[in-house]
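Anchor point for the sequence shown: position 59 equals 59 in full-length UniProt numbering, and the numbering is continuous, going up by one each time. Okay, structure first, notes after.
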Amino acid sequence: QTISGEHGLDGSGHYNGTSDLQLERMNVYFNEANGDKYVPRAVLVDLEPGTMDAVRAGPFGELFRPDNFVFGQSGAGNNWAKGHYTEG
1 QTISGEHGLD GSGHYNGTSD LQLERMNVYF NEANGDKYVP RAVLVDLEPG
51 TMDAVRAGPF GELFRPDNFV FGQSGAGNNW AKGHYTEG
């Protein structure tokens with residue numbers, strides 16, 4: 001949210017800023033998609049799907065591309081060994 005706000009982007013990825021300085025280095029964090037929409041240059045990875053559901057349901061959920069979410073079917077339950085050896 002902070003980086004989007006600093007670059008003048010709303011929750012749907014459209015530019016609403018007032019300064020050319022905001023657009024100057026936009027490509028560091030975002031890729032420009034069609035229709036003057038910007039999407040984050042990010043891949044979100046977690047073992048449990050609940051975390052990704054929370055991101056999608058949040059105020060900036062539609063900002064991310066759906067194919068940039070990578071998640072498993074069950075989490076490791078805060079057990080590093082399970083996540084490393086069996087789930088991951």
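For glycine and all other residues, C-beta sits at the position ideal for the given N, C-alpha and C. In this text, all values refer to a predicted model and were calculated from it rather than measured experimentally.
Contact between the stretch 41-54 and the stretch 10-24 is absent, with fewer than three C-beta pairs closer than 8 Å. If you check the CB distance, threonine 86 and phenylalanine 71 do not come in under 9 Å. Residues of the same chain with their beta carbon placed closer than 6 Å to that of alanine 42 are lacking, with the five preceding and five following residues left out of the count. With contacts defined as CB atoms closer than 9 Å, tyrosine 38 and glycine 13 qualify as a contacting pair.
If you draw a straight line from the Cα of alanine 54 to the Cα of glycine 61, it comes to about 8 Å.
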